[in-house]
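In our numbering, the protein residues as written are 19 to 332.
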């Protein structure tokens with residue numbers, strides 16, 4: 019009986035300790051709440067923390083509702099970006115349309131007759147019909163040359179995340195791979211079942227919750243840096259996967275050009291914050307440790323919860 023009583027007492031003690039541990043998790047060290055807001059941080063940023071757009075790596079999409087500016091990522095998808103440059107210079111998308119808007123997912127554009135060989139628009143000179151899949155690059159590609167800024171925050175999709183040259187990047191050192199993450203505003207090259215069936219003629223922009231399950235499954239070619247509201251506010255398609263039932267429901271594309279082919283006086287003058295800059299680090303901390311209106315400060319961000327700012331060039 020004594021042994022039984024002792025065992026029962028020990029069991030009750032352990033249960034109490036376990037319950038206390040569950041009820042009262044170990045307190046995390048508190049980080050200081052930033053004294054400046056994001057707006058104040060940006061207003062105080064030095065000119066050296068900003069960069070101009072590279073006209074050879076920037077697309078200007080013109081819709082009746084306004085302009086959409088897309089920054090391309092040749093470091094991560096060199097063959098696709100080269101093909102997209104050739105497509106833009108050949109006027110491939112001019113007069114085509116936005117074909118699909120799926121709620122909380124993507125807006126997609128291209129040739130409505132692209133799958134019909136008899137009707138499909140011909141590729142311009144210099145554009146290739148067949149490209150290799152570019153789902154990832156060697157992890158060394160995001161080393162010092164790409165100015166990779168690693169996030170300390172835990173990510174459920176990759177063991178390492180951060181930003182390189184303004185783009186959200188995920189990486190796995192064990193696999194030796196790095197890739198662009200599917201965050202809001204990221205632009206990818208649509209493909210069919212074959213992994214090498216994308217060539218940049220059909221593109222999409224993420225307009226909803228970050229579909230990170232697409233990472234390492236589709237070639238990502240860039241990100242929208244201006245005009246996302248023009249793509250995300252379009253009427254949703256009623257057919258499967260958000261495609262439009264009727265041609266008249268599509269939004270027409272007036273033209274898509276490389277910024278390098280736009281007369282200098284007509285180019286949108288934008289600057290992008292450098293993601294290796296002190297200002298970017300301060301902005302990330304301001305998002306982790308909220309003050310003011312916030313009652314609870316999360317102390318955490320993920321790669322897709324922090325968008326890289328742009329501003330008009332001075």
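We treat Cβ as the ideally placed atom computed from N, Cα and C, and that holds for glycine.
For a cut-off of 8 Å, the C-beta gap from residue 93 to residue 159 is around 6 Å, short enough to register as a contact. The continuous stretches of beta strand (DSSP E) do not include residue 259, and DSSP gives it neither H nor E. For residue 132, same chain residues with a beta-carbon under 8 Å away, outside a window of 5 residues either side, are 138, 139, 219, 220 in chain order.
Per DSSP, residue 89 is one residue of the beta strand (DSSP E) stretching across 84-90.
Under the DSSP definition of a beta bridge, residue 189 partners with 178, 196.
Sixteen is the threshold: since fewer than 16 other Cβ atoms of the shown chains lie within 10 Å of the Cβ of residue 299, the residue is exposed. If you draw a straight line from the Cα of residue 287 to the Cα of residue 107, it comes to about 20 Å.
Using a Cβ distance threshold of 8 Å, residue 275 and residue 236 do not count as a contacting pair. Taken through DSSP and simplified to helix, strand or coil, residue 58 comes out as helix.
When the beta-carbon positions are compared, residue 120 and residue 246 stay at least 8 Å from each other.
In this structure, residue 312 lies away from residue 226, with their beta-carbon atoms at least 8 Å apart. Counted as a single uninterrupted DSSP element, the alpha helix (DSSP H) harbouring residue 247 occupies residues 246-250. In the displayed model, residue 127 falls within a strand according to three-state DSSP.
When the Cα atoms are used, residue 241 and residue 290 turn out to be separated by approximately 12 Å.
The three-state secondary structure of residue 68, taken from DSSP, is strand.
As a beta-bridge residue in DSSP terms, residue 168 pairs with 180. The beta-carbon separation of residue 297 and residue 63, rounded to 4 Å, stays under the 8 Å limit for a contact. Counting the other Cβ atoms within 10 Å of the Cβ of residue 91 gives 16 or more, which makes it buried. For residue 57, the closest C-alpha among the options 278, 304, 314, 330 is that of 304.
Following the DSSP letters along the chain, one finds residue 207 inside the beta strand (DSSP E) bounded by residues 204-207. In the DSSP assignment, residue 224 falls within the beta strand (DSSP E) that extends over 221-224. Taking the C-beta atoms as reference points, residue 72 is found no nearer than 8 Å to residue 146.
Secondary structure within the segment 247-321: the alpha helix (DSSP H) runs of 4 or more consecutive residues, fully enclosed, are 296-306 (chain order). Pairing residue 212 with residue 83, the inter-Cα distance amounts to about 35 Å.
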